[in-house]
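Chains as they are written, first to last, in our numbering: chain W, 70 to 446; chain G, 70 to 446.
This report refers to the structure that appears directly beneath it.
Number of protein chains: 2
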Amino acid sequence: MAEYVYLPIPLLDDFCMTAFKKLGFKKNECRIITDVLLMSDKFGIESHGMQRLVRYHKGIEKGLIDVKAKPEVVHDCKTSAVIDAHDSMGQLVGHKAMELAIKKAKRYGVGIVSVKNSNHFGIAGYYAKMASDAGLLGMAFTNSEAIMVPTFGKLAMLGSNPIAIAMPAEPYDFFFDASTTVVTRGKLEMYNKAEKPLPEGWALNKDGNASTDAPDVLSNIVAKNGGGIMPLGGNTEQLGSHKGYGYGMICEIFCSILSMGTTSNYTMQNGKSGICHGFIAIDPKNFGNAGAIKEHLSSYLRDLRNSPKADGQPRIYTHGEKEVENTARIMKEGAPVNINTLREMVEFANFVGINPKKYFGEHADAVKTDKMFAGNY
Amino acid sequence: MAEYVYLPIPLLDDFCMTAFKKLGFKKNECRIITDVLLMSDKFGIESHGMQRLVRYHKGIEKGLIDVKAKPEVVHDCKTSAVIDAHDSMGQLVGHKAMELAIKKAKRYGVGIVSVKNSNHFGIAGYYAKMASDAGLLGMAFTNSEAIMVPTFGKLAMLGSNPIAIAMPAEPYDFFFDASTTVVTRGKLEMYNKAEKPLPEGWALNKDGNASTDAPDVLSNIVAKNGGGIMPLGGNTEQLGSHKGYGYGMICEIFCSILSMGTTSNYTMQNGKSGICHGFIAIDPKNFGNAGAIKEHLSSYLRDLRNSPKADGQPRIYTHGEKEVENTARIMKEGAPVNINTLREMVEFANFVGINPKKYFGEHADAVKTDKMFAGNY
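Okay, structure coming up:
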């Protein structure tokens, strides 16, 4: 069984800032990339923080990510824009695109920006939160390497295609960020690293039948043999598979369709990622009194938390609550890092030319084994 | 077991036009109401067409719906507006609100309109399709009487909260319209009328435990005893219950939060429905060449339909395909109307003062029994 080490957030911050600087990113760019990654670890979303460093490492190594790329606004109207990322780090173009959407929203009420030719941008929620931190309603979308098998299919044709939304509320903002698949690929990778079978109802084998075999599913995905993850709602219409597939399509429309970019089924071809993103910012003050709207949402969220619990359930959560509580805990206890993820971080340190022992001490030696895990690259 | 009769669409059209005129609606208003209802029956969405007439009948009888209401724009900015429906038929304010969103989108690229103090507006997809028929990307949302139980709860706190989206494509538009619950209340009512147990994974009893007992679930909902329908993703986080609950929240934000209207948990109180809607229109030409974007979407939809099928599955659908095929079939064969729904239609005819025999002939007599079904009012 895989083990965990707990690493302090400031240490991980320093590690990321130093590593991305070594790769050639400017200081302000390192700040954005590091903030996006660590938000995931602080929120307790293990799948999208340090666990994903290996993808950036391999992406830069293979040339999918261009460290020197300058994202370019290729279409610009009052309320909308399209940005060609020119293969930049997703975090950098994502940050720029949401800043533009926010600017448009402050001037015209709404801003919608679609991005093409990008790379994995971390958690979608980071960008939605940029808008809510500015007092706006924010949404963010991204497609990804194909991983979702459409209802009745056996080949992955859509990405995990998350939809994130954030909106100001008290005592904490509404914050919802979730893939339109039952689970993300990152969750499959975590089960793979932990050497545990997948829960029922998550994944399909290469023939389109349900499977709990994580290494088999992941290696079939990498080899494009077929199979993948089910849409939210599983693989039957009775439980709403077509709905998860539909939400995945909404994501695809705001990312790859409006930008004329690469749909998930054609990403990762010809040495390009081709990932696309979408960003929406809406200024509530264009609907009335922004303070009253914020209080109206806060009151509804309180009603939800205070509503009667199911037999045996101590608590009803509203979206964003767990993230706030996890951040408080993880800032104190450190972020849980799977020993296999740590191995990837040690390799990343070696790749960029920094001494892993400086950051991870004895752990840097402990992870020196030959055992690697299939399907994570 | 319940039986079905097949009634021609032109007959149902004539019936609705005549009945709503008798209720005091103007001719153009009858046209909109009838079009919304019959689109549902033509699309094969039995739960939201003739099956729902009884709700309008009872809504008008009880005074929830004001036949003479004049919806009023109470807040108006470049890209957004809020409309107070003043208890109008949902279809009428819905049509007006999407027309306004389309007008804003044509001028500024995007239009977002939220509506408060309305009533049930039929299928959300009707309004999204208004935008796609105008060459735009359209979205529509509505809250409803509370029916969705939040994850780990036992009391319904959100509506069925559908999200609909439509966008121009060839050979038919992309059209996705689905509740964020596993199924709609209308589906439960259909099982109830058909006297069949509910499938597993749909509903919760008054203690928050899974239930397949349709009359019990429906009567608990009506009496507000607890229980209701699960979010898409069921009632466990492992299968993504929090995601369906999150999509329900997105719907609620565009409907009741931005409009400062009534959240689902407070609808149907003090002799008011208080239902809220949301409408978004986006002009693709503000992102580039609208024709090229349409072809890009069409090409992706073709890829999805042509992708490899799971073992034993003959076909992969894209959203909107079934609706087009159902319309062709139902225009020829007539709409299937459950005998219990027909009974409600006969009562509706008697209520408005038209002779049911004129429309339903021998069927009008055949449905004269005392047996009524709980939970549909």
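Think of the CB as a built atom: it goes at the ideal place given N, C-alpha and C, for glycine as much as any other residue.
| query | result |
| --- | --- |
| Does the beta-carbon distance from Val136/G to Phe94/G come in below 8 Å? | yes |
| Looking only at DSSP bridge pairs, what is Glu141/G linked to? | Asp153/G |
| Using the three-state DSSP reduction, which class does Thr410/W fall into: helix, strand or coil? | helix |
| When the cut-off is 8 Å and only beta carbons count, does Asp282/W lie next to chain G? | no |
| CB Ile129/G to CB Gly222/W, shorter than 8 Å? | no |
| Taking a Cβ distance cut-off of 7 Å, strictly less, list which residues of the segment 356-376 of chain W are near chain G, in chain order. | Phe356, Gly357, Ala361, Ile362, His365, Leu366, Tyr369, Asp372, Leu373 and Ser376 |
| Can you list, in chain order, the residues of its chain whose CB lies under 8 Å from that of Lys426/G, leaving out five sequence neighbours each side? | Ala433 and Asp434 |
| Assuming Thr220/W is part of the beta strand (DSSP E), what are its boundary residues? | Note, Thr220/W: premise wrong, no beta strand (DSSP E); not H, not E. |
| Under 8 Å, Cβ to Cβ, is there at least one residue of chain W near His117/G? | no |
| Around the Cβ of Tyr314/W, are there at least 16 other Cβ atoms within 10 angstroms (buried) or fewer (exposed)? | buried |
| Does any residue of chain G have a CB that is nearer than 8 Å to the CB of Gln338/W? | no |
| In terms of residue numbering, what span does the alpha helix (DSSP H) encompassing Cys17/G cover? | Residue 17/G is absent from the structure shown; chain G starts at 70 and stops at 446. |
| Quick check on the DSSP output: what are the complete alpha helix (DSSP H) runs of length 4 or more inside the segment 146-190 of chain W, in order along the chain? | 159-177 |
| When the Cα atoms are used, what is the spatial distance from Ile192/W to Phe417/G? | 52 Å |
| Taking the alpha helix (DSSP H) that Thr396/W belongs to, which residues open and close that run? | Glu390 to Glu402 |
| Quick check on the DSSP output: what are the complete beta strand (DSSP E) runs of length 3 or more inside the segment 191-248 of chain G, in order along the chain? | 206-211, 232-236 and 243-247 |
| Quick one: is Pro353/W buried, meaning 16 or more other Cβ sit within 10 Å of its Cβ, or exposed? | buried |
| Measure how close the beta-carbons of Leu287/W and Asn261/W come, nearest whole angstrom, since I'm counting them as under 8 Å. | 6 Å |
| Which chain G residues are close to Phe245/W, counting only those with a beta carbon under 7 Å from its beta carbon? | Gly315 and Met318 |
| So which of Pro77/G, Tyr73/G, Pro79/G and Leu92/G has the shortest CA-CA distance to Phe420/G? | Leu92/G |
| Can you pull the chain W residues whose beta carbon is under 7 Å from the beta carbon of Gly309/G, in chain order? | Val251 and Leu301 |
| What do you get for Tyr153/W, buried or exposed, if any count of 16 or more other CB atoms within 10 angstroms of its CB means buried? | Per the sequence presented here, residue 153/W reads as Asp, with Tyr not at that position. The residue in question, Asp153/W, is buried, as its Cβ has 16 or more Cβ neighbours within 10 Å. |
| Using 8 Å as the limit for Cβ to Cβ distance, is Ala154/W near chain G? | no |
| At the 8 Å Cβ level, is Pro79/W part of the contact set with chain G, yes or no? | no |
| In this structure, how does DSSP classify Gly444/W when only helix, strand and coil are distinguished? | Residue confidence for Gly444/W is low, a pLDDT of 40 falling below 50, so the modelled location carries little weight; the figure read from the coordinates is stated next. The answer is coil: DSSP assigns Gly444/W none of H, G, I, E or B. |
| Quick one: list the residues of chain W neighbouring Thr148/G, beta-carbon separation under 8 Å, in chain order. | Thr148, Tyr177, Gly178, Val179 and Asn355 |
| Consider the Cβ of Lys440/G: report whether some Cβ of chain W lies at a distance smaller than 8 Å. | Confidence at Lys440/G is low in this model, with a pLDDT of 49, below 50, so the placement of that residue is unreliable and no value is reported for it. |
| Under 8 Å, Cβ to Cβ, is there at least one residue of chain W near Leu224/G? | yes |
| In its own chain, which residues sit with a C-beta less than 7 Å from the C-beta of Leu308/W, not counting the 5 before and 5 after it? | Gly302 |
| Verify whether the separation of the beta carbon atoms of Val179/G and Ile322/G is less than 8 Å. | no |
| Beta strand (DSSP E) containing Ile351/W: first to last residue? | Ile344 to Ile351 |
| With a CB to CB cut of under 7 Å and the five nearest residues on each side skipped, what residues in its chain are close to Val436/G? | Ile408, Leu411, Arg412 and Val415 |
| Taking the alpha carbon of Tyr428/W as the reference point, which residue from Tyr73/W, Glu72/W and Cys85/W has its own alpha carbon closest? | Cys85/W |
| Are the segment 226-242 of chain G and the segment 274-290 of chain G touching by the rule of at least three beta carbon pairs closer than 8 Å? | no |
| Residues in its own chain within less than 7 Å of Tyr87/W by CB, not counting five upstream and five downstream? | Note that residue 87/W is Thr in the sequence shown, not Tyr. Counting only Cβ-Cβ distances below 7 Å, and skipping sequence neighbours, we find Ile423. |
| Excluding the 5 residues flanking Asn395/G on each side, which residues of the same chain have their C-beta closer than 6 Å to its C-beta? | Phe112 and Gly113 |
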